[in-house]
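Residue numbers (the numbering used here): -4 to 164.
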């Protein structure tokens, strides 16, 4: 099935070109944590927000002059990547400490399972290719992604020089 890109206003004066099936639904499901296995790039605003909630010394590391939430080895078999590592803030119960305790997520975490890239000065949004195989929350609810893009795509993305969310390290 060929999906025609559709321009949608996500926030006032902030549009995105949607490149996925508008009927696709998503809802986080318990014990999935696939999104917690990826590096979390912290944009400047995210770093300031995080500093108000948690000490940065243990949680953040720099790589190629960019700030990331540190991934660490976890002492359990579930909720980890193939290298037994996951996000610093992933708790033993499979929940994110930032979301559960502070009702906040870094921008990159909010975007999952979506992927953002820029094309011809427009923000384009698609589903991460790997999400179809690994994200258990796709097509399990009535919550259509296109109807809730503002929850996944913080306004901050339109303020960045490069809001691309999938960066190879």
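Glycine included, every Cβ here is placed at the ideal spot set by N, Cα and C. Since the structure is predicted, the reported quantities are computational estimates derived from the model, not experimental observations.
Exercise. Helix, strand or coil for residue 20 per DSSP?
Worked result: Mapped onto the chain shown, residue 20 falls at position 25. Three-state result, residue 20: strand.
Proximity winner among 107, 114, 161 and 43, relative to residue 2 (alpha-carbon distances):
Position 7 of the chain shown, counted from the start, is the residue given in the question as residue 2. Residue 114 is the option with its Cα nearest to residue 2.
(Q) Judging by CA-CA distance, which residue of 37, 0, -2 and 16 is the nearest neighbour of residue 175? (A) Only positions -4 to 164 of the chain appear in the structure, and residue 175 is not among them; the question remains open.
| query | How long is the line joining the alpha carbons of residue 154 and residue 36, rounded to whole angstroms? | reply | As a first step, residue 154 must be located in the chain shown, where it is residue number 159. As a first step, residue 36 must be located in the chain shown, where it is residue number 41. Taking the straight line joining both Cα atoms gives about 16 Å.
Taking buried to mean at least 16 other C-beta atoms within 10 Å of its own C-beta, is residue 105 buried or exposed? Position 110 of the chain shown holds residue 105. Residue 105 should be labelled buried.
Notebook entry, point to check: Between which two residues does the beta strand (DSSP E) containing residue 51 stretch?
Noted result: Here residue 51 is taken as the residue at index 56 of the chain shown, counted from 1. Where residue 51 is concerned, there is no enclosing beta strand (DSSP E), although the alpha helix (DSSP H) it sits in stretches over 51 to 54.
- Selected residue, minimal CA-CA separation from residue 82, among 89, 65 and 70: Reading the chain shown from its first residue, position 87 is the one you call residue 82. Closest by C-alpha distance to residue 82, out of 89, 65 and 70, is 65.
**Asked** Per DSSP, what kind of secondary structure is residue 164 in: helix, strand or coil?
**Response** Stepping through the chain shown from its first residue, residue 164 is reached at position 169. In this prediction, residue 164 has a pLDDT of 48, which is less than 50 and means its spatial position is unreliable; nothing more can be read from the coordinates.
Just how far apart, CA to CA, sit residue 13 and residue 40? In the chain shown, counting from the first residue as 1, residue 13 sits at position 18. In the chain shown, counting from the first residue as 1, residue 40 sits at position 45. Linking residue 13 to residue 40 through their CA atoms gives a straight-line distance of about 25 Å.
Worksheet entry | C-alpha gap between residue 19 and residue 129, whole angstroms | Within the chain shown, the letter at position 24 stands for residue 19. Within the chain shown, the letter at position 134 stands for residue 129. Taking the straight line joining both Cα atoms gives about 15 Å.
*Quick one: what's got a C-beta closer than 6 Å to residue 121's C-beta in the same chain, skipping five residues either side?*
In the chain shown, counting from the first residue as 1, residue 121 sits at position 126. The beta carbon of residue 121 sits closer than 6 Å to those of 14, 15 and 110, all from its chain and outside the five residues before and after it, given in chain order.
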